[in-house]
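Enquirer: Mapping the sequence shown onto the working numbering, position 148 (from 1) lands on 264, and the numbers just tick up by one.
We put the beta carbon where it would ideally sit given N, CA and C, even for glycine.
Have a look at this one.
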Amino acid sequence: MTATREDWQRACVIKPPPGYTPHIGVLVAMLHYARLTTLQAVAGLGVEELDATPPGFSNSIGMLLAHIAAVDRVYQRLSFENRDFDEGENALYGGALSLGKEGGRVQGFPLEHYLDELEAARADTLAELARRDDEWLALRLQVPDFDYPNHHWAWFHVMEDEVSHRGQIRVIRKALAGQAG
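In structure tokens, the structure reads:
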């Protein structure tokens, strides 16, 4: 996906898009901006670049993209369903969620694979957020042993996690470019 000038103009104005309550809408606008910058950071990468882990780094760009999507997925469960991943979901997303520390290194996929999962995960998030209101956003999560944050913090955290990893992606790209030169 290549962002158009219109996409950037819309993303650079933080206001609730249609279909969302005011506070949720502002959060959605920020999630959208963060995603556009992530997509910009990975544009044009091939499988070799997505899989490379330069010296001094723990993760590849592909692993970070899989992680970003997995974070969206786990917070869907925590926030919308009041539960953590089940065994099957943990098998599917757990490696990416832990950045490979618990196995499941992600490799060999083209950029479209990661972009499709990012888009699918975010589409589910946006559909669920559209069904809720600002009163819900202020409520605490109902997950045992993880009931101290509220929903607003949860989705802010999803955004900040993506922005953090997008920064890592940019640094890894520079490191890879330096290795090629």
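In terms of alpha-carbon separation, which member of Glu205, Leu143, Glu165 lies closest to Pro132?
Expert: Within the sequence shown, the letter at position 16 stands for residue 132. Of the candidates Glu205, Leu143, Glu165, the one whose C-alpha sits nearest the C-alpha of Pro132 is Leu143.
Enquirer: Report yes or no: do three or more beta-carbon pairs, one from the stretch 167-186 and one from the stretch 277-284, lie closer than 8 Å?
Expert: At 8 Å Cβ cutoff, the stretches touch.
Enquirer: Give the straight-line distance between the Cα atoms of Cys128 and Pro170, rounded to the nearest whole angstrom.
Expert: Numbered from 1 along the sequence shown, position 12 holds the residue referred to as residue 128. Numbered from 1 along the sequence shown, position 54 holds the residue referred to as residue 170. Going from the Cα of Cys128 to the Cα of Pro170 covers about 33 Å.
Enquirer: Would you check if there are 3 or more beta carbon pairs closer than 8 Å linking the stretch 240-248 to the stretch 159-176?
Expert: Segments in contact, no.
Enquirer: Between Ile140 and Leu245, is the Cβ-Cβ spacing less than 8 Å?
Expert: As a working mapping, residue 140 is identified with position 24 in the sequence shown. As a working mapping, residue 245 is identified with position 129 in the sequence shown. Contact flag set, yes.
Enquirer: Just to confirm, are Glu165 and Ile177 a CB contact at a threshold of 8 Å?
Expert: The residue labelled residue 165 in the question sits at position 49 within the sequence shown. The residue labelled residue 177 in the question sits at position 61 within the sequence shown. For Glu165 and Ile177, yes; Cβs fall inside 8 Å.
Enquirer: Taking only the alpha-carbon atoms, compute the straight-line gap between His273 and Gly294 and give it to the nearest angstrom.
Expert: Locating residue 273 in the sequence shown gives position 157, where the first residue counts as 1. Locating residue 294 in the sequence shown gives position 178, where the first residue counts as 1. Taking the straight line from one Cα to the other gives about 32 Å.
Enquirer: Answer yes or no: the CB of His268 versus the heavy atoms of the ligand MG, is any distance below 7 Å?
Expert: This structure lacks the ligand MG; in fact it carries no ligand of any kind.
Enquirer: For the alpha helix (DSSP H) that contains Ala254, what are its first and last residues?
Expert: The residue labelled residue 254 in the question sits at position 138 within the sequence shown. Note, Ala254: alpha helix (DSSP H), 250-254.
Enquirer: Is it buried or exposed, Ser174, if we count other Cβ atoms within 10 angstroms and call 16 or more buried?
Expert: As a first step, residue 174 is located in the sequence shown; it is residue number 58 there, counting from the start. Exposed, since its Cβ has fewer than 16 Cβ neighbours within 10 Å.
Enquirer: Exposed or buried, which one is Val190 when buried takes at least 16 other CB atoms within 10 Å?
Expert: For the purposes of this step, residue 190 is identified with residue 74 of the sequence shown, where counting begins at 1. Buried, by the Cβ-count rule.
Enquirer: Note down, in chain order, each residue of its chain lying with its Cβ closer than 8 Å to the Cβ of Leu215, except the 5 sequence neighbours on either side.
Expert: Reading the sequence shown from its first residue, position 99 is the one you call residue 215. Closer than 8 Å at the Cβ level, and outside the excluded window around Leu215, lie Ser174, Asn175, Met179, Leu180, His183.
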